[in-house]
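Written below as structure tokens is the structure these notes are about.
In full-length UniProt numbering, the protein residues as written are 1 to 157.
In structure tokens, the structure reads:
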């Protein structure tokens, strides 16, 4: 990953740390970098044995992670860089995507999480911390979990 991201500000260092950890268990890894556009093109084409990618969700729906990153459709032409396509997982997320029954979606996504845990198609390495500094004079500002800024109820005293 040749560019900095909030969840991975130093990809080269992270790659070196992973390489060192893998060497301890006998896995030799060669670190290869490309400019960002080439990196994405090659990753999307599956030209890797291992790849570092990240994701920042842009809505609070589990589908934004499950289907976008791990569905069979995304393995063919999207952002499922692990290329993992697993029917038992697909059989959970597709009905979850199709129903508007909130409780049914929760149950299906909980089951999908178990499958993800057991199959481990990706390793989650880091989660970014977002800081929202405000002054005590600022009233009514609410931190949005998706990183958006809403100022409609904000005042300064």
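C-beta atoms are modelled at their ideal positions from N, C-alpha and C, and glycine is treated no differently.
Next item on the list: Between the Cα of residue 33 and those of 16, 27 and 20, spot the shortest distance and give me the residue it belongs to.
Entry: 16
Margin query: For residue 125 and residue 116, I'd like the C-alpha separation in whole angstroms.
Written below: 15 Å
Check: Which whole-angstrom value describes the C-beta separation of residue 147 and residue 130, a residue pair presumed to lie in contact below a C-beta threshold of 8 Å?
Finding: 6 Å
Checklist line | Residues that DSSP places opposite residue 8 in a beta bridge | finding: 5
Check: Looking at C-alpha atoms only, which residue of 69, 78 and 63 is the closest neighbour of residue 95?
Finding: 63
Note to self: Going by DSSP, what residue range makes up the alpha helix (DSSP H) through residue 95?
What the structure shows: 87 to 98
Item checked: Proximity winner among 156, 150 and 142, relative to residue 136 (alpha-carbon distances) -> 156
Margin query: Judging by CA-CA distance, which residue of 121, 30 and 48 is the nearest neighbour of residue 38?
Written below: 48
Checklist line | When 23, 52, 58 and 26 are compared against residue 36, the one with the closest alpha-carbon | finding: 52
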